[in-house]
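In what follows, a structure is listed as structure tokens, so that the remarks can point back to it.
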Amino acid sequence: MAIYQIKQPATGAVLWTGGAESEEQALDAMAREAGYADFAAIPETLRSAGTLVDRLNLG
1 MAIYQIKQPA
11 TGAVLWTGGA
21 ESEEQALDAM
31 AREAGYADFA
41 AIPETLRSAG
51 TLVDRLNLG
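Below you can see the structure in the form of structure tokens.
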């Protein structure tokens, strides 16, 4: 499992940081913590702002 950080590119705001097996799983985990079923369930108006997913190297 890797540690991922998801940011909103326009502002640099960190939306989520946590462990996941892939970028897709990290996006789904972020969405679940925000109350959505998965990343695809987030309204398009929010998803269209974009997300930047970084795999963090902490070792």
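Numbering (the UniProt record's numbering) for the sequence shown: 1 to 59.
In this text, a Cβ means the ideal position worked out from N, Cα and C, and glycines have one as well.
- Comparing alpha carbon positions, the residue from Arg-55, Thr-17 and Ile-6 closest to Ala-49 is Ile-6.
- When only Cα atoms are considered, Val-53 and Glu-23 end up about 7 Å apart.
- CA-CA distance, Ala-26 to Ala-20, rounds to 5 Å.
- For Leu-27, the enclosing alpha helix (DSSP H) covers residues 23 to 33.
- Our two residues, Pro-43 and Ala-10, have alpha carbons roughly 18 Å apart in a direct line.
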